[in-house]
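K.L.:
Protein sequence lines correspond, in order, to chains A and B. In terms of our numbering, the first sequence opens at residue 3 and continues consecutively. In terms of our numbering, the second sequence opens at residue 5 and continues consecutively. C-beta: ideal position from N, C-alpha, C; glycine also. Computed from a prediction, not measured in an experiment: that's the story for all the values here.
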Amino acid sequence: MISIKEVTELALESARIILQSGGTTNRCEKIMSRVCAVFGYHKTESFVTPTGLFITVMDKDHTANTQLMRIETRRIDLGKISQLTRYINELSQCGKKGNCPDYSEVMRRLKEIDAFSPYPEWLKLLLGGLTSACFCLLFGGSWLETGVAYLVGLMVSISLRYIAILQVNSFLTNALGAALIVLFAKTLDLYIIGIKLDTIIIGGIMLLVPGLAITNAMRDMMSGDLVSGTARAIEAFLISVAIAAGSGSMLKIWSLVGY
Amino acid sequence: MRPFDSLTLMQFLWAALSIFGFAIRTNLKGFSILLTALGGGLSWAFYLISLYYTKSPLLSVLISTILVCSYSELVAPRFKTPVSVFVICAIIPLVPGSGLYYTMRAYLDQNMTEASSRMLQTLMIAGTISIGIAIVSSVTNLIHRVMNKL
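Dropping the structure here:
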């Protein structure tokens, strides 16, 4: 039997990983109560918003332990979500059989999942180019334009990686990303003759569109989490505005400079 | 363009390949990469096919979102993956990134009529995608509740 403080910590840590990699808040709440149930604490109340986790765990004598955690940075990491869900499933199976592992073992596994990254960084950057190039083809670009879109996608992925190190907010990240897409495309246009920029820029923009925010917003709202649902919907709207503002201002600046 | 010809197949392949890239960039592993890529390709193929028959972009987006979300709800539990992982990857080709760009460009060209109509269309498509996701996820919740009661 592990103590109530340790259970709370384990639940918070697993929910933090899910929320930071872009999971829905409903899933975080479920995961937290399941982790507590594995260790025999069946009475839990939790409340999750996209920026914070709150949990109260009660034991049989009605002594409660409440903790909250602030979530600052969020990025898309779907692999981590599915891995953690799978691990929690395993854990519940162990809990049903009555041989659940102790605190340090679970904490070690959680840290392992959090630090795990299955692909090298250069592969992800190259595939960013692939995504952008394929969207360029999808929206009717020629083969030459697709090649240019690959270069643009690659360069934007690299620059987004360096912008992420600065830890600026998501509005500025997306605005800068969209501005850089237009800048790279326009610069390459100076050297390569006979390309139309529309499909190339759209291919780049598809790297940034808020697909995750839209999905999570609706799924949260439908499971009854109105607070996080509206928060995510506003996030999706803000990201779209950021993309439009970034690409638009760079287009305008470029035409003012006069190339 | 007729549905089910080589051009639709090509478009399906491009959509699937781009979602393949997206899935690896977000650290997915193993067989689920191929299934999410298939979902992305299917969503675009459904969109094109229903666009051919209905001639209405909004209805096609709705049909495609509903079909592809049902696909995710069916496939994801078999691989012990959260459904939202599949849905996120599958709807990305439908998200109106091109509408966003054309709105901005029409606005910069001082063409207010086109800018406002493009903007309205972009917002409507985004809203339609949300409604499709909402319909499927609430119906699935209902089905799960009924199955548990029985």
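#1: By the 10 Å Cβ neighbour count, where 16 or more other Cβ atoms means buried, how is Glu123(A) classified, buried or exposed?
#2: Bridge partners for Ser94(A) per DSSP, in chain order?
#3: Please report whether the beta-carbon of Thr26(A) lies at a distance below 7 Å from any beta-carbon of chain B.
#4: I'd like to know if Ala41(B) contacts chain A, where contact means its C-beta is closer than 7 Å to some C-beta of that chain.
#5: For Leu146(B), return the contacting residues in chain A, with the cut-off set at a CB-CB distance below 9 Å.
#6: Which first and last residues belong to the beta strand (DSSP E) in which Val59(A) is found?
#7: At which residues does the beta strand (DSSP E) containing Gln169(A) begin and terminate?
#8: Sort out for me which residues DSSP pairs Phe49(A) with in a bridge.
#9: Check distances from the C-beta atoms of the stretch 130-145 of chain A to those of chain B and list, in chain order, the residues that come in under 7 Å.
#10: What are the residues in the stretch 75-89 of chain B lying within 7 Å of chain A by C-beta distance?
#11: Can a CB atom of chain B be found closer than 7 Å to the CB of Thr58(A)?
#12: Note the first and the last residue of the continuous alpha helix (DSSP H) segment covering Arg109(B).
#13: Alpha carbon to alpha carbon, what distance is there between Pro212(A) and Leu13(B)?
#14: Would Arg88(A) count as contacting chain B if we go by Cβ distances under 7 Å?
#15: Mind checking the stretch 8-41 of chain B against chain A and listing, in chain order, the residues whose C-beta falls within less than 9 Å of any C-beta there?
#16: For Ser246(A) versus Leu104(B), is the C-beta spacing smaller than 7 Å?
#17: Ala80(B) lies in the alpha helix (DSSP H); which residues open and close that run?
#18: Out of Ile33(A), Ala238(A), Leu192(A), Val229(A), which has the shortest C-alpha to C-alpha gap to Glu92(A)?
#19: Between Thr10(A) and Arg77(A), what straight-line distance do the alpha-carbon atoms span, to the nearest angstrom?
#20: Asp79(A) versus chain B: which residues are under 8 Å apart at the beta carbon?
#21: Examine the Cβ distances between the stretch 172-186 of chain A and the stretch 61-72 of chain B and report whether three or more of them are shorter than 8 Å.
#22: Consider the Cβ of Lys188(A): report whether some Cβ of chain B lies at a distance smaller than 7 Å.
#23: What does DSSP give as the partner residues of Met71(A) in its beta bridges?
#24: Where do the N-terminal and C-terminal ends of the alpha helix (DSSP H) with Lys7(A) fall, by residue?
#25: Short of 9 Å Cβ to Cβ, which residues in the stretch 43-64 of chain B face chain A?
#26: Residues in the same chain with beta-carbon distance under 6 Å from Glu15(A), minus the five sequence neighbours each way, listed in chain order, please.
#27: For Thr40(B), report the span of its alpha helix (DSSP H) as first-last.
#28: Measuring alpha carbon to alpha carbon, tell me which residue in Gly136(B), Phe83(B), Gln114(B) is nearest Gly34(B).
#29: From this set, Ala110(B), Ser121(B), Ala130(B), Asp113(B), which residue's C-alpha is nearest Ile95(B)'s C-alpha?
#30: First and last residue of the alpha helix (DSSP H) that includes Phe26(B)?
#31: Looking at Ala180(A): is its Cβ nearer than 7 Å to the Cβ of Gly248(A)?
#32: Cβ of Ile203(A) less than 7 Å from any chain B Cβ?
#33: What residue does the alpha helix (DSSP H) around Lys198(A) start on, and which one ends it?
#34: Whole angstroms are fine: how far does the CA of Thr75(A) sit from the CA of Leu162(A)?
#35: Taking Leu80(A) as the reference, give the member of Gly24(A), Val40(A), Gln169(A), Glu114(A) with the closest Cα.
P.N.:
This is what the structure gives:
#1: exposed
#2: Note: Ser94(A) sits in no beta bridge, so no partner.
#3: yes
#4: no
#5: Within chain A, no residue comes near Leu146(B); the closest Cβ sits about 10 Å away, beyond 9 Å.
#6: 54-60
#7: Segment: none, Gln169(A) is in no beta strand (DSSP E) and carries neither H nor E.
#8: Phe56(A)
#9: Gly130, Leu132, Thr133, Cys136, Phe137, Leu139, Leu140, Phe141
#10: Lys84, Thr85, Pro86, Ser88, Val89
#11: no
#12: 101-112
#13: 26 Å
#14: yes
#15: Met14, Gln15, Leu17, Trp18, Ala19, Ala20, Leu21, Ser22, Ile23, Phe24, Gly25, Phe26, Ala27, Ile28, Arg29, Thr30, Asn31, Leu32, Lys33, Ser36, Thr40
#16: Sequence inspection shows Ala at residue 246(A); the Ser mentioned does not correspond to that position. Yes, Cβ-Cβ distance for Ala246(A) and Leu104(B) is below 7 Å.
#17: Note, Ala80(B): premise wrong, no alpha helix (DSSP H); not H, not E.
#18: Ile33(A)
#19: 24 Å
#20: Thr30, Asn31
#21: no
#22: no
#23: Leu55(A)
#24: 6-22
#25: Trp48
#26: Leu112
#27: 35-58
#28: Phe83(B)
#29: Ala130(B)
#30: 10-29
#31: yes
#32: yes
#33: Taken as a continuous stretch (DSSP letters only), Lys198(A) belongs to no alpha helix (DSSP H), as it is neither H nor E.
#34: 15 Å
#35: Gly24(A)
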